[in-house]
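Have a look at the structure below before the remarks.
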Amino acid sequence: MERPMTTVEEKVFPGVPADLVEVAERHGRVVAAGDNKAILADFRPDRVAQLIASASLPPDLVKSELLDLRPEGDLFAARIRYTAADGSETVLRSRWIRLPEGWKVTQVRNLPATPPRMHTIGPAEDGHDTPHWEGLREGELRVPQCDDCGNWIWPKRPICPRCHSFKVSWKAVEPTGKVFSWTRTWQPFAPEFSGHLPFVTVLAELPQAGGRRLLGILLDADGVDPQVGQQVQAEFEASPDGGWPVLRWRLSKEES
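So in the UniProt record's numbering, spot 101 of the sequence shown is number 101, and the numbers just go up one at a time.
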């Protein structure tokens, strides 16, 4: 005798208002059905433009399933799995808030959390920073240094700003640093951000390179608030299409 499929009504979500369970389950159905009017009605009114581009789903969805719904501070987080006609599955996490007009989506993103890749990745047109990118490809973090006065230079310049020497060479430095500042991006400022929001960008200070600072997206940063001065380790993420790799930062294990 076959066991019947578990329905949403049979699932238990402790600490979650019953009416939100119904709303989240219905939201999954209207998304799968492509009912744009109903989808927009579920969005927080002051964040509609942001939310439209925050998640990425394949076309031809055929069904949805509410996997989980739990309290997260003042919000409630729902994980909904969407299945496309080709059998592929995509999980979105939507965070809900109760407003005077009812339950509304205030945040949404794809899971698992992955950092975006900009289309502009790679050396500048003048080629001055090409050795940096070549270093990433070889698993090294390279920063230019003046051969005459020892000044570390970033961003790359053809002349040392301290002594005006043209003798500048690229040196491999230890790929570690400290958080100088950071920001969490919620807005889809570029098409490639869709499905990756929010993400955290860290400006890391490199003690071994004269305190020069390099930007990089922080890995495993979902719900994480980095602390200024916290140790980070660089990782070099290869391009899936054979293009240029990118530098990512990760909080050091002993301090994360």
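Virtual Cβ for every residue (Gly too), placed ideally from N, Cα, C. On a predicted model such as this, the values are computed, not experimentally measured, just so you know.
Cβ-Cβ separation, residue j to residue i (assumed contact under 8 Å), whole Å
| i | j | result |
| --- | --- | --- |
| Val232 | Ser252 | 6 Å |
| Val16 | Arg70 | 7 Å |
| Thr106 | Arg47 | 6 Å |
| Pro131 | Arg142 | 6 Å |
| Val173 | Gln208 | 5 Å |
| Pro161 | Ser54 | That belief does not hold up - the Cβ atoms of Pro161 and Ser54 are roughly 40 Å apart, past 8 Å. |
| Val30 | Ala18 | The Cβ separation is near 19 Å, so there is no contact. |
Between the CA atoms of residue j and residue i - distance to the nearest angstrom
| i | j | result |
| --- | --- | --- |
| Phe76 | Glu65 | 17 Å |
| Ile121 | Leu92 | 27 Å |
| Glu125 | Gly73 | 47 Å |
| His229 | Trp152 | It is Gly, not His, that sits at residue 229 in the sequence shown. Looking at the two C-alpha atoms, the distance is approximately 20 Å. |
| Cys149 | Cys163 | 7 Å |
| Glu192 | Ile52 | 14 Å |
| Arg250 | Trp186 | 20 Å |
| Asp35 | His196 | 23 Å |
| Leu40 | Asp241 | 35 Å |
| Gly139 | Trp133 | 10 Å |
| Arg212 | Pro226 | 19 Å |
| Arg184 | Ala234 | 19 Å |
| Arg26 | Val108 | 16 Å |
| Trp182 | Ala221 | 11 Å |
| His119 | Leu111 | 22 Å |
| Pro58 | Gly87 | 11 Å |
| Gly243 | Pro175 | 21 Å |
| Lys11 | Ala190 | 38 Å |
Own chain, CB closer than 7 Å to residue i, minus 5 neighbours either side, in chain order
| i | result |
| --- | --- |
| Pro245 | Leu136, Arg137, Phe236, Glu237, Ala238 and Ser239 |
| Asp60 | Ala84 and Ala85 |
| Ala113 | Asp222 |
| Gln50 | Trp186, Gln187 and Pro188 |
| residue 338 | Here the chain covers residues 1 to 256 and nothing more, so residue 338 does not appear. |
| Phe13 | Val21, Leu69 and Arg70 |
| Pro123 | Asp129, Thr130 and Trp133 |
| Glu101 | none |
Contacting residues, own chain, Cβ-Cβ under 6 Å from residue i (five flanking each side not counted)
| i | result |
| --- | --- |
| Ile217 | Pro115, Phe199, Thr201 and Arg248 |
| Lys156 | His128, Asp129 and Pro144 |
| Trp103 | Leu20, Val23 and Trp96 |
| Lys63 | Ala32 and Thr83 |
| Leu67 | Arg79 and Arg81 |
| Leu219 | Arg248 and Arg250 |
| Leu214 | Ala204 |
| Gly177 | Ala204, Glu205, Leu206 and Val232 |
| Phe43 | Leu51 and Val105 |
| Ile159 | Phe166 |
| Ser94 | Ala78, Val105 and Val108 |
| Phe45 | Looking at the sequence itself, residue 45 is Pro, so the reference to Phe does not match. No residues qualify anywhere along the chain. |
| Met5 | For Met5, the pLDDT reaches just 37, beneath the cut-off of 50, and the residue's location in the model is therefore unreliable, leaving the point undetermined. |
Strand pairing of residue i, partner residues [DSSP]
| i | result |
| --- | --- |
| Ser64 | Tyr82 |
| residue 336 | This structure does not reach residue 336, given that the chain is present from 1 up to 256, and the question cannot be answered. |
| Phe43 | Val105 |
| residue 269 | Outside the modelled stretch of the chain, which goes from 1 to 256, sits residue 269, for which no answer is possible. |
| Ala77 | Arg70 and Arg95 |
| Val179 | Ala204 |
| Gln231 | Lys178 |
| Leu214 | Ala204 |
| Leu251 | Val232 |
| Trp152 | Gln145 |
| Glu237 | Val246 |
Same chain only: Cβ atoms within 8 Å of residue i, ignoring 5 sequence neighbours per side
| i | result |
| --- | --- |
| Glu89 | Arg81, Tyr82 and Thr83 |
| Asp147 | Ser165, Lys167, Val168 and Ser169 |
| Ser194 | Ala53, Ser54, Ala55, Ser56 and Pro188 |
| Trp154 | Val143, Pro144, Ala209, Arg212, Arg213 and Leu214 |
Any C-beta of chain D under 8 Å from that of residue i
| i | result |
| --- | --- |
| Asp148 | The structure shown contains no chain D, having only a single protein chain. |
Report the residue ranges of all beta strand (DSSP E) runs contained in full by the stretch 83–133; include only those spanning at least 3 residues, in chain order.
-> With a minimum length of 3 residues, the continuous beta strand (DSSP E) runs that stay inside the stretch 83–133 are 89–99 and 102–111.
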